[in-house]
Amino acid sequence: MGEDLEKLKQRLPLLDYLRQQNWVARPAGHGPEFVGLCPLHPETRPSFYVNTRKNLFYCHGCGQGGDLLRFIQLSRQLSFRQSLAYLEQHSAPPADPAAVLEQAATFYQQQLDGYPEALQYLKQRGLYDPAAIQELRIGYAPGGSLRRHLTAQGYSCDLLQRLGLINSQGCDAFYRRIIFPCCEGERVVNLYGRSITAAVAHRFLPGSKGGLYAWEQVQQCPQVILVEGLFDYAVLWQAGFRHVTCSSGTHLNTRQFRQLCDCPRTVYLTFDVDANGSGQQAAQQLAQRLRAQGIATRRVLLPDGHDPNSFFVQGGDARQFQSLLEAAQP
Ligand SMILES: [Zn+2]
Numbered sequence: 063m064g065e066d067l068e069k070l071k072q073r074l075p076l077l078d079y080l081r082q083q084n085w086v087a088r089p090a091g092h093g094p095e096f097v098g099l100c101p102l103h104p105e106t107r108p109s110f111y112v113n114t115r116k117n118l119f120y121c122h123g124c125g126q127g128g129d130l131l132r133f134i135q136l137s138r139q140l141s142f143r144q145s146l147a148y149l150e151q152h153s154a155p156p157a158d159p160a161a162v163l164e165q166a167a168t169f170y171q172q173q174l175d176g177y178p179e180a181l182q183y184l185k186q187r188g189l190y191d192p193a194a195i196q197e198l199r200i201g202y203a204p205g206g207s208l209r210r211h212l213t214a215q216g217y218s219c220d221l222l223q224r225l226g227l228i229n230s231q232g233c234d235a236f237y238r239r240i241i242f243p244c245c246e247g248e249r250v251v252n253l254y255g256r257s258i259t260a261a262v263a264h265r266f267l268p269g270s271k272g273g274l275y276a277w278e279q280v281q282q283c284p285q286v287i288l289v290e291g292l293f294d295y296a297v298l299w300q301a302g303f304r305h306v307t308c309s310s311g312t313h314l315n316t317r318q319f320r321q322l323c324d325c326p327r328t329v330y331l332t333f334d335v336d337a338n339g340s341g342q343q344a345a346q347q348l349a350q351r352l353r354a355q356g357i358a359t360r361r362v363l364l365p366d367g368h369d370p371n372s373f374f375v376q377g378g379d380a381r382q383f384q385s386l387l388e389a390a391q392p
C-alpha cells in the first residue's frame, strides 16, 4: 500500500489538488513554497504554506500539517482508508475506455492458468493448445478480484461501472467466465464472457461489440471463412486456419456487413447447422445480401447438428474441414 500511495501522490501533487479545490496562493519568496488562506480554519491573513518540493503543507494558524492524504482526511473528515479511496478516485488517469479494457483483458489472461476449472472448460470446448490460447489472449474471470486490481491502478469505480466491468453493487460483472478480448486494431473495444457453468451462457459488456473479430488479419484475404461464435473461431485458428473471422451471432451489424463488402472476395459462410434451421436460414439471407453487393459466397455444410466448434470437438480435423470448404456450394 505504501508504494501505491507514493504513486498516487506523485500523480496528483498537493498543490494541483488544492488548486482544483480553488485554493488561491502566491509564491512565498523564491523557494518552492506557496502561501494562501488556510482551507482548514477561518482566517483573514494567509498562514497556510505548501512546499512543492516536499509535497507537504503546514498552517501556522491552526498548526495542522502533512501530505495530500492528511489534507484530505482533515478537510473532508475522512478516515485514512476513506481518504485513500477518495484519492484513488480523484487522481484517476484520464478515462480511455480502451486502456481500461486492455488492463482488464491482461488481468483476466493472467488468471487463466491459476484456475483448473477454466482450463478444463477450454479443453471441453476443444481448445488445448497453449500457444493458440495465448495468441487469442483468452482469459478467465474468476469474479471478485478485478475491481480491486483496477482501482489500485487509479481507475474509479464510477468508470468501471460505466464500462460494465462492475455492476451497480460494485461487484465484478464477469464471474466464472472465459474471456475473449475483442479488438479493433490494437484497441480492445469489448470483452466477450462465456460462462463455464450453465447459468447465463454468454454476454458482452454493454456497448458495441465492434466490427468483425480480428478483421485486420483477414481484410486482405481473397477468401474469408465467417463463423458465428468465438469458440468456432478459436478451434479453427488452433487448427491452422488463419483466414477466419467471427460475427458473434448470425445477425451482422452494419459495420460488420460493410467490412465484408469492402473489396471483392469470397465469403465462406460457416454457420451452425442446428435442428430448427435458424443458422442456415440466416446464412442464406446473408448470402443474398452479400451477392447483391458483388461478394461471392459459399455455404459450408457441416454435418447435421454441428457447428465448427462441435465438429472439431468430436474429432473433426483440419483436413476434413478443408474438404468441407472445397465442397461448399454457392
Ligand atoms: Zn489552518
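Per our numbering, residue 63 is the first one in the sequence shown, and the count goes up by one each step. Beta carbons are placed, not taken as given, at the ideal position from N, Cα and C, and that holds for glycine. Keep in mind the model is a prediction, meaning the values are calculated, not measured.
| Check | Outcome |
| --- | --- |
| By C-beta, the residues closer than 6 Å to any heavy atom of ligand 1, given in chain order | Cys100, Leu102, His103, Phe110, Cys121, Gly123, Cys124 and Gln126 |
| Cα-Cα separation, Thr106 to Gln82 | 21 Å |
| Cβ neighbour criterion (16 or more within 10 Å) applied to Gly91 | exposed |
| Under the three-state DSSP convention, the category Arg327 falls into | coil |
| Proximity winner among Ala214, Ala301, Ala337 and Gln350, relative to Cys323 (alpha-carbon distances) | Gln350 |
| Beta carbon of Tyr170 nearer than 8 Å to that of Ala203 | yes |
| CA-to-CA distance, Arg239 to Ala180, given in whole angstroms | 8 Å |
| Rounded Cβ spacing between Phe242 and Glu290 (contact assumed at less than 8 Å) | So it is not a contact: roughly 14 Å between Cβ atoms. |
| Under the three-state DSSP convention, the category Pro243 falls into | strand |
| Boundaries of the beta strand (DSSP E) in which Ala203 is found, first to last residue | Gly201 to Ala203 |
| Straight-line gap, Ser207 to Phe236 (C-alpha atoms, nearest Å) | 10 Å |
| Cβ pair Val297, Gly188 closer than 8 Å | yes |
| C-alpha gap between Pro101 and Ser141, whole angstroms | 18 Å |
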